[in-house]
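Residue numbers (the numbering used here): 35 to 511.
Yeah, the Cβ is synthetic: ideal placement off N, Cα and C, and Gly gets one too.
Here is the structure we will look at.
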Ligand code: GLU
């Protein structure tokens, strides 16, 4: 059996970490087993449609590297992949159940149902549909139709146990009496969520339904539909809910930020993939920093935990940094170029040097801006912090000694710069802040920042030595 998974968002907004995590596990599981990953848009709930949401979702999946074997924009043998384009298919299947006597036409209007529910609530009775259209005599049906009532189609849910299984929670049972007869096709011809999902998953030959735990209560209803349609249900895996930092539901303010924002800040996409897969799963090796290839080879449905994981922004940033450390210089240079070259008028050598240094420092790409802003503009030596440092008794001597040694270097590399700096420190017999601060203040106009050899390496020999000479003058003045 070929594994087939699907991600089935409603295109009503952006992907956030919670629903992206569902996509990630579906994709990884399909890839691990050489299966297919299908995208499907559940867009029959027309009021809540957001026109650009489809593109936003596809873009976010692309950013995470979750390619689709089938779906909107790529097509495939089980399409169409938008529920709004499949209404006829749902109608046919509902009619099949109707003909088999497994469903019936219900003429109750929304208003009537609401009134009955309100009455039931008032006397603390059952809110479920009372079954009144289950066995309507033909004449009554005709009368209702004559009155202009348009029926919905309801599925008969008989009393008795409904058994279903979830990969994480095991065997579960609910009782038909707790559910009541379910609308599968509304009077306007639109399917209900539970019915459409089953028809689609069945026709799209989905073998594993991996989705959020919020859908657990839908599963027994869906299982009934599978059986009524003469099929065995797929394997269900309900992922524990992702919580906001500190617990609580994900919200716009806490954790539910759209993925686009993570892309803009410049998280490494593989780190987001890595982070999301670790929310309910862990590698048997205990390793946490996992490449895309390793995730594809290792993530499986075993080892999925049942606890609701909390988003940990610090860990996600840390992982992002770790993935940049492992990135190729060439690849990172491309990412940085887009953000830095125009803004800071960078040359080729500068960009390369920056990339080498930043690869070891940044957590997210936008950290690069801070480094550039600190290092690249001509330093202002007149600010009081810098003046104070340069007025120290040994400052002019230190800067002069560093200038001399660095100007004699045959090769301008981070290693040669570092070694030379250590030697000068030993020679002049000045250590710690008294040694480093005047050099740093001279080069950047600040007393904090990246390592001095890194700064000098990025600036290049000419600019570094020029700045140092100006510093000697300023210190001596
Ligand atoms: N469209 C549903 C949602 O966005 C997913 C349905 C499913 O996975 O079964 O929650």
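Do the stretch 147 to 155 and the stretch 86 to 95 meet, that is, are 3 or more Cβ pairs less than 8 Å apart?
no
Taking 6 Å as the line, does the beta carbon of residue 231 fall inside it for any heavy atom of ligand 1?
yes
Closest by CA to residue 401, which one among 140, 167, 369?
369
Can you round the beta-carbon distance between residue 37 and residue 242 to whole angstroms, since I take them to be within the 8 Å contact cut?
6 Å
In its own chain, which residues sit with a C-beta less than 7 Å from the C-beta of residue 358, not counting the 5 before and 5 after it?
302, 366, 393, 396
Outcome for residue 176 when other beta-carbon atoms lying within 10 angstroms are tallied against a minimum of 16
exposed
Residues that DSSP places opposite residue 338 in a beta bridge
315
Is residue 344 helix, strand or coil by DSSP?
strand
What do you reckon, are the CB atoms on residue 487 and residue 452 nearer than 7 Å?
Judged by their CB atoms, residue 487 and residue 452 are nearer to each other than the 7 Å cut-off.
Based on the DSSP output, what are the partners of residue 209 in its beta bridges?
195
Let me make sure I understand the geometry here. Which of 440, 414, 456, 458 has the alpha-carbon closest to that of residue 476?
414
At a cut-off of 6 Å, would you count residue 134 as near ligand 1, judging by its Cβ distance to the nearest heavy atom?
No, ligand 1 has no heavy atom inside 6 Å of this Cβ.
For the stretch 421 to 433 and the stretch 455 to 471, state whether three or more C-beta atom pairs, one from each stretch, are separated by less than 8 Å.
yes
Assuming residue 258 and residue 196 are in contact, meaning their beta carbons sit under 8 Å apart, how far apart are those beta carbons, in whole angstroms?
6 Å
Excluding five sequence neighbours on each side, which residues of the same chain lie with their C-beta closer than 6 Å to the C-beta of residue 40?
72, 74, 240
Whole angstroms is fine: what's the gap from residue 63's alpha carbon to residue 457's?
CA-to-CA, the gap between residue 63 and residue 457 works out to about 55 Å.
Going straight from the alpha carbon of residue 167 to that of residue 114, what length do you get?
Across the structure, residue 167 and residue 114 are spaced so that their CA atoms are roughly 34 Å apart.
Of all the options 343, 204, 478, 319, which has the alpha carbon lying nearest to the alpha carbon of residue 504?
478
So, do the stretch 279 to 291 and the stretch 245 to 252 have three or more beta carbon pairs nearer to each other than 8 Å?
no
So which of 463, 409, 420 has the shortest CA-CA distance to residue 498?
409
Can you give the Cα-Cα distance for residue 387 and residue 376, rounded to whole angstroms?
16 Å
Is residue 225 near ligand 1 - that is, is its Cβ less than 6 Å away from at least one heavy atom of it?
Checking every heavy atom of ligand 1 against the Cβ of residue 225, none is found closer than 6 Å.
Could you tell me whether any Cβ in chain D is nearer than 7 Å to the Cβ of residue 198?
No chain D is part of this structure, which consists of one protein chain only.
Extent of the continuous alpha helix (DSSP H) to which residue 378 belongs
363 to 378
To the nearest whole angstrom, what separates the beta carbons of residue 219 and residue 225, a pair I think is in contact under 8 Å?
Yes, they are in contact, since the Cβ atoms of residue 219 and residue 225 sit about 6 Å apart, within 8 Å.
According to DSSP, is residue 46 helix, strand or coil?
Note: residue 46 maps to coil in three-state DSSP.
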